[in-house]
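In what follows, a single structure is set out as structure tokens and then discussed.
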Amino acid sequence: MKSLRHVLVPVLGVAAVCVVVFGLLEGLDGVLGALLGSVVVILFLGSTPLVLTPVVKASAALSLPVALGFLATKSLAVLIVLVLLFDVGGAADHIDSTAFGLTAIVTALTWTLLQILAFRKERVPTYDLRDEG
14 MKSLRHVLVP
24 VLGVAAVCVV
34 VFGLLEGLDG
44 VLGALLGSVV
54 VILFLGSTPL
64 VLTPVVKASA
74 ALSLPVALGF
84 LATKSLAVLI
94 VLVLLFDVGG
104 AADHIDSTAF
114 GLTAIVTALT
124 WTLLQILAFR
134 KERVPTYDLR
144 DEG
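Start counting the sequence shown at 14; every next residue gets the next number (our numbering).
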């Protein structure tokens, strides 16, 4: 959870920069697209540690099946959100898809890079040497 904070704050900063840039370039549609792109990425990637950390602490054996099921659930939810946003009710007319896509890519890459850096700093043993002797 501690690493989540170190990742979330910079990602929010990157998202804010994207919102400002696309606001200047595309106007309100760019702002809405950038906001929505960053929110989708932050919810998609940020929900994983919130859900899986208690599962891993409770049972390491259940962590992989729960992670795969949660990934499938999140993927379906994002697909539904994207279909609803860009196909139903004319929402696509008010959201710049370029701003949405580029902001989603930039925030996802930033999140992933920061998660990798945070993981490299953690001292998590990958195996346990038994004292036999």
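Ideal Cβ positions, reconstructed from N, Cα and C, are used throughout, including at glycine.
So, is residue i buried or exposed, given that buried needs 16 or more other C-beta atoms within 10 angstroms?
i, result
"aspartate 100", "exposed"
"threonine 66", "exposed"
"isoleucine 129", "exposed"
"isoleucine 55", "buried"
"glycine 114", "exposed"
"glycine 40", "exposed"
"valine 44", "buried"
For residue i, which of helix, strand or coil comes out of DSSP?
i, result
"glutamate 39", "helix"
"serine 110", "helix"
Quick one, which of the options has its alpha-carbon nearest residue i's?
i, options, result
"glycine 59", "Pro78, Ala29, Lys87, Val32", "Lys87"
"glycine 178", "Val68, Leu21, Val27", "With the chain covering 14 to 146 only, the question about residue 178 has no answer from this structure."
Would you kindly check if the distance between the Cβ of residue j and the Cβ of residue i is under 7 angstroms?
i, j, result
"glycine 50", "threonine 125", "no"
"alanine 29", "alanine 112", "no"
Problem - Whole beta strand (DSSP E) elements within the segment 51 to 137, 3-residue minimum - result: Counting only runs of at least 3 residues, the segment 51 to 137 fully encloses no beta strand (DSSP E) element at all.
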